[in-house]
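Residue numbers (our numbering): 34 to 142. Before any comments, here is the structure.
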Amino acid sequence: MAIGLSDELIKLEQQARTERQAEEKRTVSEIRAIHAEHDGAYGAPRVHAELRAKGRRINRKLPTRMIRANDIVGRHLRKKKRTTIADRTAPSDLPSRQFFCMTTLTTLS
Numbered sequence: 034m035a036i037g038l039s040d041e042l043i044k045l046e047q048q049a050r051t052e053r054q055a056e057e058k059r060t061v062s063e064i065r066a067i068h069a070e071h072d073g074a075y076g077a078p079r080v081h082a083e084l085r086a087k088g089r090r091i092n093r094k095l096p097t098r099m100i101r102a103n104d105i106v107g108r109h110l111r112k113k114k115r116t117t118i119a120d121r122t123a124p125s126d127l128p129s130r131q132f133f134c135m136t137t138l139t140t141l142s
């Protein structure tokens, strides 16, 4: 017997814990099925939306936690957009230039 807890209370707590673990296993298997169904392209937000569409009442954070805990990773389908094209003819000393303010004759850089 634990610290003032009855045997019945301990059994109820253990039963609730095993039920929760069984529910988590079912949820992980559903997440894996959804992830595989979409060729690994779905991450946590889409998996959550899919579970909700199937009628599961599930918190937004639970699929995220399950996905992280079970090393399920969504693929990155978009290519990285290149926003800056470097000018190869620009002088290489741009960062080390000195700029002076003519009114007070102090260095700004």
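Note that CB positions come from ideal geometry on N, CA and C, so glycine has one too. Just so it is clear, the structure is predicted and the values come from calculations on it, not from any experiment.
Problem - Exposure label - I43; buried when at least 16 CB within 10 Å - result: The residue in question, I43, is exposed, as its Cβ has fewer than 16 Cβ neighbours within 10 Å.
Handout entry: First and last residue of the uninterrupted alpha helix (DSSP H) at L95
Key = That run of the alpha helix (DSSP H) goes 94-102.
Problem - Local Cβ density within 10 Å of A69, reported as buried at 16 or more and exposed below that - result: The residue in question, A69, is exposed, as its Cβ has fewer than 16 Cβ neighbours within 10 Å.
Handout entry: Beta-carbon proximity list for E83, same chain, < 6 Å, skipping 5 on both sides
Key = I67.
Exercise for the section: Could you tell me if A77 is buried or exposed, where buried requires 16 or more neighbouring beta carbons within 10 angstroms of its beta carbon? Expected result: So A77 ends up on the buried side.
Practice task
Find out if the Cβ-Cβ distance for the pair R108, G73 is shorter than 7 Å.
Solution key: Yes, they are a contact pair.
Problem - Under 7 Å between C-beta atoms of H81 and R90 - result: Taking 7 Å as the Cβ cut-off, H81 and R90 do not qualify as a contacting pair.
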